[in-house]
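Written out below as structure tokens is the structure these notes cover.
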Amino acid sequence: MKRAKIKSIPYEEFKDNETYEKLVEELNAGGANVIVKKLDDLIDWGRSNSLWPLTFATSCCGIEFMAVCAARYDIARFGFEVTRNSPRQADVILVCGTITTKMAPVLRCLYDQMADPKYVVAIGGCSISGGPFNKSYHVLNGVDKIIPVDVYVPGCPPRPESFLYGMMQLQRIVKVENFFGTTNRKEKDPYKVEAEIKEEHIYNQEEQA
Amino acid sequence: MSEDLNKTAQSQQAASATPAAKPAAPAAAKPAAARPATPAAPAKPAVNEMKPKQVEAAKLHDELKRLHDQEGMDFLLSLTGVDREDDGLAVVYQLENTTTLKQAILECVVTDRENPLVPSAADLWNIACTYEREVYDFYGIKFTGHPDMRRLFMREDWVGYPFRKDDETEKNNPLRMTNEPLSDTTTEYVLTEDGKVEAVEHAIFQEDDYVINIGPQHPSTHGVLHFRVALEGERIRKIDPVLGYIHRGVEKISEKMTYPQTLALTDRLDYLGAMQNRHALCMCIEQAMGVEVSDRVQVIRTIMDELQRIDSHILFFSCLCQDLGATTAFLYGFRDREKILDIFEETCGGRLILNYNTIGGVMADIHPNFVKRVKEFIPYMRKNIQEYHDIFTGNVIFQNRSKGVGVLSKEQVISFGCTGGTGRASGWHNDLRKLRPYAAYDRVQFNEVTRTEGDSFARYMIRLDEILESLHIIEQLIDNIPEGNFREKMKPIIKLPVGQFYSEVEGSRGRFGVYIESKGDKSPYRLHYRSTGLPLVAVMDTACKDNMIADLITIGGTVDYVVPDIDR
Numbered sequence: 000m001k002r003a004k005i006k007s008i009p010y011e012e013f014k015d016n017e018t019y020e021k022l023v024e025e026l027n028a029g030g031a032n033v034i035v036k037k038l039d040d041l042i043d044w045g046r047s048n049s050l051w052p053l054t055f056a057t058s059c060c061g062i063e064f065m066a067v068c069a070a071r072y073d074i075a076r077f078g079f080e081v082t083r084n085s086p087r088q089a090d091v092i093l094v095c096g097t098i099t100t101k102m103a104p105v106l107r108c109l110y111d112q113m114a115d116p117k118y119v120v121a122i123g124g125c126s127i128s129g130g131p132f133n134k135s136y137h138v139l140n141g142v143d144k145i146i147p148v149d150v151y152v153p154g155c156p157p158r159p160e161s162f163l164y165g166m167m168q169l170q171r172i173v174k175v176e177n178f179f180g181t182t183n184r185k186e187k188d189p190y191k192v193e194a195e196i197k198e199e200h201i202y203n204q205e206e207q208a
Numbered sequence: 000m001s002e003d004l005n006k007t008a009q010s011q012q013a014a015s016a017t018p019a020a021k022p023a024a025p026a027a028a029k030p031a032a033a034r035p036a037t038p039a040a041p042a043k044p045a046v047n048e049m050k051p052k053q054v055e056a057a058k059l060h061d062e063l064k065r066l067h068d069q070e071g072m073d074f075l076l077s078l079t080g081v082d083r084e085d086d087g088l089a090v091v092y093q094l095e096n097t098t099t100l101k102q103a104i105l106e107c108v109v110t111d112r113e114n115p116l117v118p119s120a121a122d123l124w125n126i127a128c129t130y131e132r133e134v135y136d137f138y139g140i141k142f143t144g145h146p147d148m149r150r151l152f153m154r155e156d157w158v159g160y161p162f163r164k165d166d167e168t169e170k171n172n173p174l175r176m177t178n179e180p181l182s183d184t185t186t187e188y189v190l191t192e193d194g195k196v197e198a199v200e201h202a203i204f205q206e207d208d209y210v211i212n213i214g215p216q217h218p219s220t221h222g223v224l225h226f227r228v229a230l231e232g233e234r235i236r237k238i239d240p241v242l243g244y245i246h247r248g249v250e251k252i253s254e255k256m257t258y259p260q261t262l263a264l265t266d267r268l269d270y271l272g273a274m275q276n277r278h279a280l281c282m283c284i285e286q287a288m289g290v291e292v293s294d295r296v297q298v299i300r301t302i303m304d305e306l307q308r309i310d311s312h313i314l315f316f317s318c319l320c321q322d323l324g325a326t327t328a329f330l331y332g333f334r335d336r337e338k339i340l341d342i343f344e345e346t347c348g349g350r351l352i353l354n355y356n357t358i359g360g361v362m363a364d365i366h367p368n369f370v371k372r373v374k375e376f377i378p379y380m381r382k383n384i385q386e387y388h389d390i391f392t393g394n395v396i397f398q399n400r401s402k403g404v405g406v407l408s409k410e411q412v413i414s415f416g417c418t419g420g421t422g423r424a425s426g427w428h429n430d431l432r433k434l435r436p437y438a439a440y441d442r443v444q445f446n447e448v449t450r451t452e453g454d455s456f457a458r459y460m461i462r463l464d465e466i467l468e469s470l471h472i473i474e475q476l477i478d479n480i481p482e483g484n485f486r487e488k489m490k491p492i493i494k495l496p497v498g499q500f501y502s503e504v505e506g507s508r509g510r511f512g513v514y515i516e517s518k519g520d521k522s523p524y525r526l527h528y529r530s531t532g533l534p535l536v537a538v539m540d541t542a543c544k545d546n547m548i549a550d551l552i553t554i555g556g557t558v559d560y561v562v563p564d565i566d567r
């Protein structure tokens with residue numbers, strides 16, 4: 000079994016390694032060519048150490064994210080400092096704060112605009128489950144209802160340390176993914192989907208005729 | 000007579016309890032004067048109880064106009080909608096005269112739930128325009144003569160009015176993942192002479208307007224705020240803010256919570272004024288119940304409020320610099336902010352969401368290191384303010400982009416109700432700590448920082464100068480924290496007497512008020528927060544008109560709004 004090594008934390012000190020190992024098995028179920036796998040490792044090493052987050056902050060957790068970016072906690076130590084303002088340039092979307100039902104389509108749109116491979120980190124109680132606003136009429140109870148989430152970071156807001164821990168968990172996931180050949184895609188290949196839709200369209204037209 | 004004597008004796012006692020406190024605080028300025036009584040039934044009416052004057056809808060506009068023109072009520076403090084179920088829908092107006100500080104409270108009740116009509120006050124106060132849209136959004140009250148009767152927070156295809164007690168909000172409004180509809184027209188309801196209502200359509204943007212969208216996902220709008228901006232070349236012709244992307248319905252969910260539970264949500268409104276927000280709600284509940292907190296609590300609350308203010312202003316500085324491209328200054332600001340967060344963390348256990356104030360006092364006594372740490376922090380911060388000026392204030396690019404940009408006159412800020420630093424930058428003396436001292440502000444010396452230019456630069460300088468004033472306040476109090484209880488013993492179930500109560504504090508960016516309407520239950524019947532940020536966003540159109548599109552960011556940054564506080 001492949002084990003991702005993170006520089007600052009030994010493997011055993013991560014919590015809940017069982018879930019992680021299950022995920023690794025799932026991601027590498029098909030196996031891969033030796034050469035491709037070696038190339039994958041190299042690429043993943045690079046990718047995991049330069050994850051570019053999208054600056055997406057709706058409320059309090061965003062301020063803590065700023066603190067993580069600033070001098071004391073210094074997110075640059077892990078290669079996350081290149082925050083992007085455009086989803087097209089970002090690898091990971093950090094959902095910092097409450098997502099309301101009015102914001103939900105916007106978030107979905109941002110996620111759709113990001114290029115694959117892409118990741119989602121749900122930060123704070125609000126984005127995990129609605130948090131203290133769980134019973135509100137205007138709050139989405141968890142962003143995983145609309146986009147797939149890779150890592151959850153609980154807290155209200157989480158301490159900067161847990162931010163970094165969550166990001167390292169994400170690094171571990173990135174490190175075991177396949178990149179070439181059997182890519183671990185989150186979504187269907189858009190070209191394939193488009194082709195399918197076109198085919199169906201033509202089929203329908205023919206049937207009508 | 001005996002009561003007065005009692006009061007003086009109390010204040011003397013309080014004065015002697017603080018060893019080197021300020022010379023003889025005037026007894027009349029003491030905030031909570033109610034004597035300790037059983038919480039459920041105070042011996043005399045609570046100091047913050049409101050006695051609104053009832054006005055019929057037909058006479059409301061004349062009465063408001065009279066108050067505005069003749070009695071000089073030029074500041075609409077707050078406008079609150081209430082659903083009284085069988086008794087109809089109510090609108091509460093709180094007015095203030097900014098020179099004499101006289102206040103007037105009016106209430107207008109309409110019984111027609113299907114088609115409630117109230118005359119608009121948008122022609123008297125600019126801010127009424129926004130407040131009335133909020134009430135329309137929540138309660139469906141139509142304001143006749145309002146030029147722009149649209150929803151403020153909800154989507155345009157939202158069904159029903161969420162704050163009505165009988166509204167089936169969840170049933171009618173499933174999660175909509177379609178793109179939000181945004182119309183280019185708006186409706187005005189005009190009352191014709193024979194008592195009928197006609198809907199007149201107005202255009203928000205003309206056919207040939209060049210409109211661009213800024214937000215809701217934009218790094219410089221300080222949260223999820225959406226501006227629709229009409230441009231003439233690079234000059235801004237009109238701004239239409241679209242709000243509600245972080246509307247969580249805090250006021251509505253509070254109606255189902257007990258009073259101690261509602262406290263938790265205040266910290267999350269304006270998270271840079273967590274202490275002050277919670278202070279306001281605690282103070283409102285305490286005053287309504289007739290509970291007097293100890294002197295120790297008052298002083299601790301004051302110190303904490305001021306630390307929070309410094310924290311907020313440092314963040315203001317950092318973000319403004321970041322928005323203008325000065326990343327180094329951002330890092331300098333956050334370096335100092337961490338020092339305050341350390342102090343908070345030791346005593347409160349939290350960095351940002353502090354949950355420190357509670358009904359009857361504070362959650363825990365101050366940490367043994369607190370005094371030492373704060374004393375270390377004061378000279379440290381004084382030194383670093385100079386550094387801020389060196390690295391950023393003198394920068395010629397910043398000076399050119401802020402001096403004379405986004406000018407607001409004193410009349411404009413009062414009409415828009417822009418309190419806090421934004422109002423003071425235009426020469427409006429609106430500091431509640433001076434006007435109506437609460438907590439321990441009556442025993443400290445400090446200056447109310449004001450300027451007259453009203454431009455972006457003035458708003459920026461106000462905040463940096465206020466940091467120094469806050470340090471000065473803390474300095475006077477930190478050695479004189481009186482002994483006493485850090486929390487009064489409260490009953491396990493807290494109930495407020497029947498009535499309407501309003502208390503406010505000077506938050507980090509303006510006057511933050513709490514309106515509670517109670518039916519005597521353990522949860523509020525209606526809880527309304529006077530948002531400090533809503534007027535600040537409403538004024539953006541006026542402030543930005545005819546300025547460059549690039550300066551929108553500077554103006555928005557210096558006006559200093561926090562979006563979760565606007566949307567609530």
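Chain order of the listed sequences is A and B. For the first sequence, numbering that gives the first Met the number 0 assigns the number 0 to the initial residue and increments by one for each residue that follows. For the second sequence, numbering that gives the first Met the number 0 assigns the number 0 to the initial residue and increments by one for each residue that follows. Positions of the beta carbon are idealized from the N, C-alpha and C atoms, including for glycine.
Per DSSP, B:K237 lies in no alpha helix (DSSP H) segment; the continuous beta strand (DSSP E) that holds it begins and ends at 234-241.
In this structure, the alpha-carbon of B:V90 lies about 39 angstroms from that of B:F343.
Within the region 287-305 of chain B, contact with chain A at the beta-carbon level (separation under 7 angstroms) is assigned to no residue.
B:K251: not part of any beta strand (DSSP E); member of the alpha helix (DSSP H) spanning 249-253, first to last residue.
Between A:C60 and A:C95, the C-beta gap is smaller than 7 angstroms, which places the two residues in contact. Where B:L340 is concerned, the enclosing alpha helix (DSSP H) starts and stops at 326-347. 7 angstroms or more divides the Cβ of B:I552 from the Cβ of B:D239.
Note on geometry: alpha-carbon atoms of B:G214 and B:H221 lie some 10 angstroms from one another.
When rounded, the separation of the alpha-carbon atoms in B:A439 and B:E250 is 29 angstroms. Chain-ordered listing is empty here: chain A has no CB closer than 9 angstroms to the CB of B:R462, the nearest sitting near 17 angstroms. Under DSSP, B:N356 takes part in a beta bridge, and its partners are B:V361.
DSSP, read as helix, strand or coil, puts A:T54 in coil. At least one C-beta of chain A is nearer than 7 angstroms to the C-beta of B:M176. For B:E503, the enclosing beta strand (DSSP E) stretches over residues 498-506. Under the three-pair Cβ rule at 8 angstroms, the region 446-458 of chain B counts as touching the region 397-416 of chain B. Counting only the Cα atoms, A:E20 lies some 21 angstroms from A:P153.
In the three-state scheme derived from DSSP, where H, G and I count as helix and E and B as strand, B:Y524 is classed as coil. Our two residues, B:N546 and A:Q204, have alpha carbons roughly 54 angstroms apart in a direct line. Less than 7 angstroms separates the beta-carbon of A:I92 from that of A:V119. When DSSP states are grouped into helix, strand and coil, A:R158 belongs to the coil group.
Between A:A103 and A:I146, the C-beta gap is not smaller than 7 angstroms, which leaves the two residues out of contact. Taken in chain order, the members of the region 129-147 of chain A whose beta-carbon sits within less than 8 angstroms of a beta-carbon on chain B are P131, F132, K134, S135, Y136, H137, V138, L139, K144, I145.
Scanning the region 419-443 of chain B from its first residue to its last, the whole alpha helix (DSSP H) runs of 4-plus residues come out as 419-424, 431-434.
Contact with chain B is found for A:I62, since one of that chain's Cβ atoms lies less than 7 angstroms from the residue's Cβ. Counting of Cβ neighbours within 10 angstroms places B:I473 among the buried residues, the total reaching 16 or more.
For B:R236, same chain residues with a beta-carbon under 6 angstroms away, outside a window of 5 residues either side, are A229 in chain order. Across the set B:D68, B:S522, B:L526, the C-alpha of B:S522 shows the shortest separation from the C-alpha of B:M256. Selection B:Q53, B:C318, B:K101, B:D266 evaluated against B:E70 yields B:K101 as nearest (Cα-Cα). At a cut-off of 7 angstroms, the C-beta of B:V223 has a neighbouring C-beta in chain A.
The Cβ-Cβ distance between B:G483 and B:D304 does not fall below 7 angstroms.
Here B:T110 is exposed, its C-beta having fewer than 16 other C-beta atoms within 10 Å. Pairing B:L78 with A:Q170, the inter-Cα distance amounts to about 50 angstroms. When CB distances to chain B are screened at a threshold of 9 angstroms, the residues of the region 106-121 of chain A falling below it are L106, R107, C108, L109, in chain order. Take the alpha-carbon of B:V513 and the one of B:E95: they are about 16 angstroms apart.
At a cut-off of 7 angstroms, the C-beta of B:I565 has no neighbouring C-beta in chain A. Nearest to B:G248 by alpha-carbon distance, out of A:Q112, A:D15, A:N133, A:H200, is A:N133.
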